[in-house]
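Notes follow once the structure below has been shown.
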Amino acid sequence: MKTLSIPVIILCVASVCVARADEPSTNTREVFVQLADSAQKRLQASLEELSQLRQRAADETIPLSRQLRDLEDELIQARQEFQQASRELDSRALDLNNLRSEIKSRKDEAAYLSNLLGEYNRNFESRLHIAETHRYEQALERARLAPENSNLSQREVYAAQADLLLVSLERLHDILGGTSFPGTAVDPAGMVTSGTFVLVGPASLFGSDDGTIAGMVEERLGSLEPAVIAFGDPADAAAAAEMVRNSSGRFPLDPTLGSAHKVEKTRETLIEHIRKGGPVMIPIFIMAGAALLVVLLKWISMNFIRSPARR
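The sequence shown begins at 33 in my numbering and counts up by one.
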């Protein structure tokens with residue numbers, strides 16, 4: 033803008049010269065000198081101002097360039113951070129999907145394990161000897177009711193079911209070498225008696241606390257209590273009483289696991305069989321006697337008939 037003032041000054045000087053053409057030449061020369069000095073001063077001032085503006089522009093350009101470079105570096109770093117964050121986000125999304133799949137798989141495994149433990153508990157209860165029913169009743173009850181209890185966490189449900197698994201393993205070790213435990217059983221007279229059970233494998237003995245009852249333990253149809261079957265041989269009864277009392281001695285084992293006693297109970301004499309028939313047996317015997325008498329008479333009469341002579 034300052035450089036444009038030079039032509040303006042020249043035009044002003046020319047107009048002044050034209051206006052004063054009639055003045056003496058001396059005055060004109062002085063005016064030109066003054067105008068030239070003024071124009072030179074103003075030109076010098078404009079040049080100095082231009083140099084200052086250029087210097088200030090140069091001084092301001094360097095910080096701006098640095099600031100621009102810093103901003104570009106920040107932009108590059110921000111882009112790198114964005115790309116890294118995007119990669120991490122994608123990786124985390126993949127990990128999250130894998131984790132969800134893993135959680136679903138673990139839930140399916142947990143449900144399968146819970147069902148498997150429930151089925152094992154039911155099978156364990158069905159395979160218990162009748163003498164062990166009361167012994168494991170509480171553990172069976174906890175394991176059976178745990179999945180239905182909404183107040184228990186899944187961990188507590190598994191713990192209750194696993195406890196029964198540990199109990200079943202302990203039972204397995206006990207019955208292999210034989211074990212004894214207190215309990216109650218129904219004696220042959222139908223009375224509930226307290227005593228001690230001795231369990232060896234699938235066979236069990238029971239002896240009352242007073243020592244008057246000793247026998248094999250079996251399950252009676254329609255009853256949840258173990259029933260005591262007395263031995264027919266006094267020697268077996270004495271051996272069973274000694275086994276229950278001392279936890280050692282001769283074990284009177286029934287290889288048929290109770291079937292021999294059942295067969296023995298079905299055996300009966302002819303008189304007992306007739307008595308079971310009741311009053312209806314009287315006319316049956318009368319008819320049988322009459323039939324037998326008729327047969328004897330016919331046989332005797334046929335013996336007196338002469339056979340034809342041979343010629």
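Virtual Cβ for every residue (Gly too), placed ideally from N, Cα, C.
Which stretch, first to last residue, makes up the alpha helix (DSSP H) that contains residue i?
| i | result |
| --- | --- |
| residue 188 | 186–209 |
| residue 302 | 302–309 |
| residue 320 | 313–335 |
| residue 285 | Residue 285 -> no alpha helix (DSSP H), and no H or E assigned at all. |
| residue 178 | Premise fails: residue 178 is in no alpha helix (DSSP H) and is neither H nor E. |
Judging by CA-CA distance, which residue of the options is the nearest neighbour of residue i?
| i | options | result |
| --- | --- | --- |
| residue 278 | 139, 168, 138, 241 | 241 |
| residue 220 | 201, 206, 134, 261 | 261 |
| residue 192 | 175, 252, 157, 88 | 175 |
| residue 234 | 287, 183, 185 | 287 |
| residue 264 | 246, 275, 280 | 246 |
| residue 244 | 65, 92, 276 | 276 |
| residue 222 | 255, 154, 186 | 255 |
| residue 187 | 172, 227, 145, 202 | 145 |
| residue 281 | 302, 232, 328, 326 | 232 |
| residue 378 | 173, 159, 227 | Shown here, the chain extends from 33 to 343; a query on residue 378 therefore has no answer. |
| residue 203 | 171, 72, 63 | 171 |
| residue 154 | 138, 173, 139 | 173 |
Considering just the uninterrupted stretch of the beta strand (DSSP E) at residue i, what are its terminal residues?
| i | result |
| --- | --- |
| residue 348 | The displayed coordinates of the chain run from 33 to 343. Any statement about residue 348 would go beyond what the structure contains. |
Counting only the same chain and skipping the five closest in sequence on each side, list residues whose C-beta sits under 6 Å from that of residue i.
| i | result |
| --- | --- |
| residue 162 | 251, 258 |
| residue 142 | none |
| residue 313 | 306 |
| residue 230 | 212, 237, 275, 276 |
| residue 25 | What is shown of the chain runs 33 to 343, which leaves residue 25 out entirely. |
| residue 156 | 200 |
| residue 50 | Any reading at residue 50 needs caution, since the residue's pLDDT is 47, under 50, leaving its predicted position unreliable; the model's value is listed next. None. |
| residue 303 | none |
| residue 115 | none |
| residue 210 | 232 |
| residue 119 | none |
Within the same chain, show all residues whose beta-carbon is closer than 8 Å to that of residue i, passing over the 5 residues directly before and after it, in chain order.
| i | result |
| --- | --- |
| residue 224 | 216, 217, 218, 257 |
| residue 249 | 161, 162, 163, 217, 229, 236, 237, 238, 258, 259, 260, 261 |
| residue 181 | 189 |
| residue 166 | 215, 216 |
| residue 354 | This structure does not reach residue 354, given that the chain is present from 33 up to 343, and the question cannot be answered. |
| residue 309 | 316 |
| residue 100 | none |
Given residue i, which residues of its chain have a CB within under 7 Å of its CB, disregarding the five upstream and five downstream residues?
| i | result |
| --- | --- |
| residue 53 | Annotation note: pLDDT 47 at residue 53 (below 50); position unreliable, coordinate value reported separately. Once the five neighbours on either side are set aside, residue 53 has no close Cβ partner at all. |
| residue 131 | none |
| residue 283 | 232, 275 |
| residue 73 | none |
For the segment 238–277, list the beta strand (DSSP E) runs that are entirely contained and at least 3 residues long, ordered along the chain. 246–251, 258–262
Could you say if the segment 264–282 and the segment 321–328 meet the contact criterion of at least three C-beta pairs nearer than 8 Å? no
Quick test of the definition: if touching needs 3 or more C-beta pairs under 8 Å, does the segment 144–160 touch the segment 195–202? yes
Segments of 3+ residues assigned as beta strand (DSSP E) that fall wholly inside the segment 80–132: none
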